[in-house]
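See structure below.
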Amino acid sequence: MRSLIKNRKRKKLHITPSRAAAWFLVMLGACLVLGTLLIALFTAFKEPKETISANFSILPENWLWSNFTDVLTSDIWGRYFFNSLFITITVVVLSILLSSLAGYAFARLEFRGRHGLFLLFLCGMMVPSQVYIIPQYMLLKGFPLAGGNNLLGQGGMGLLNTYWALIIPFLAAPLGVFLIKQFYMGFPKALDEAAILDGCTTFQVYTKIYLPLSKPVFGTFAILKFTGTWNDYFYPLIMTNSKEMYTVQIALQKYHGEYGIQWNYLMAATAMTILPILLLFIFCQKYFTAGIVTSGLK
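With the sequence shown counted from 1, adding 79 to any position gets you this note's numbering.
Written out as structure tokens, the structure reads:
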């Protein structure tokens, strides 16, 4: 009996060369990511002369907490954070709702042309956003009866420089439709049939059965959508032209001066902008992992 237990322990402790190499690569990648984050964080506490000194040191000589307060008081950062949070949260919530409806329709409903329509959705994942930024700009600028436009969409700025311009285009989420469809495809057909026999309509099957079971895929999609919308720089730069509509990513560029970069202020502001994403991932990590496994995303 003792020999059997010893053999089992030996098998558990046995590490193959391939597994050791995989763990080494994982640890190396983790160290590179954490090292970069730590250097950025320590730079946020340094004096300006330390950031450009030839004698580089990871830890600051004098820890300046005032860098963070200087960033917050030097500009309307409260407005920038409100813009980013409002836009991102609105986009995430509405995208989840619309994508779940579309994913449920593609996965569980039988209608003519659904496979071809789903392929069109997948094509949206293959086209870079920079390709259709100009048509989007023209459509938003020519939106009728908005921003001073007449019925023909002329005379004003339309929806440009508004929250609508930064929200509406992001509601289309082919990746979300794909993830949710694949997740719903794993549900047995008997579940739908039993619910319909009990008197549920198609929409009630969606709301009472599928939605409560969708936390893993919703968590996965929420993290991906939140990160993409929060970190977007190019699109808000094109669609806004006033300081009051800037997001945090555009506001970070103020520390890139003509004669140099204010690294201590830039890293302090960057640390604050990263915080919401870190908090979201911490709270949704288990759903993120489960959603990747069950939705087929590799």
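Virtual Cβ for every residue (Gly too), placed ideally from N, Cα, C.
Do residue i and residue j have their C-beta atoms within less than 9 Å of each other?
i	j	result
Y183	Y285	yes
Y216	I166	no
I118	I137	yes
L239	L219	yes
D149	Y325	no
Q328	T352	yes
F190	V256	no
F249	V170	yes
L120	A350	yes
L359	I275	no
P139	W342	no
S145	K304	no
What number of angstroms, rounded off, separates the C-alpha of residue i from the C-alpha of residue j?
i	j	result
P267	V296	17 Å
L232	P223	Residue 232 is actually Gly in this sequence, not Leu. Distance between the alpha carbons of G232 and P223 is about 4 Å.
S163	S97	44 Å
T299	C363	8 Å
D154	T281	51 Å
G203	V210	11 Å
F147	A348	7 Å
A109	N310	21 Å
M264	D271	12 Å
G114	A273	53 Å
R322	F160	Note on residue identity: the sequence assigns Lys, not Arg, to residue 322. Roughly 13 Å between the two C-alpha positions.
P207	D277	45 Å
P214	T122	41 Å
Q283	A101	46 Å
S179	I212	26 Å
M106	K294	30 Å
L111	L104	11 Å
T312	I356	First, the amino acid is wrong: residue 312 is Tyr here, not Thr. Using only the alpha carbons, I get a separation of about 16 Å.
K365	L354	19 Å
L176	L292	14 Å
G336	L258	42 Å
Y289	G192	23 Å
F135	M346	16 Å
A252	T152	36 Å
I247	I361	28 Å
T308	G195	28 Å
T95	L116	32 Å
A99	E129	40 Å
I168	M205	25 Å
L188	W156	47 Å
With 9 Å set as the bound, which would you pick, yes or no: does the beta-carbon of residue i sit closer than that to a beta-carbon of chain D?
i	result
I246	Here chain D cannot be found, since the structure has a single protein chain.
Return the chain-ordered list of same chain residues with a C-beta closer than 8 Å to the C-beta of residue i, the five sequence neighbours on each side being excluded.
i	result
W142	F124
Starting from residue i, follow its DSSP beta bridges and name the residues at the other end.
i	result
H335	I340
Could you name the residues of the same chain whose beta carbon sits closer than 7 Å to that of residue i, not counting the 5 residues immediately before and after it, in chain order?
i	result
M236	K220, G226 and G227
L245	I166, P315 and M318
G234	G227 and N228
N320	N240
C279	K287
F197	F185
I340	Y334
L230	P223 and L224
R414	What is shown of the chain runs 80 to 377, which leaves residue 414 out entirely.
Short of 6 Å in beta carbon distance, which residues of its chain neighbour residue i, apart from the five on each side in sequence? Order them along the chain.
i	result
K260	G182, F185 and A186
L331	A348
Run the proximity test for residue i: is its beta-carbon closer than 8 Å to any non-hydrogen atom belonging to the ligand ZN?
i	result
P315	Here there are no bound small molecules, and the ligand ZN is not part of this structure.
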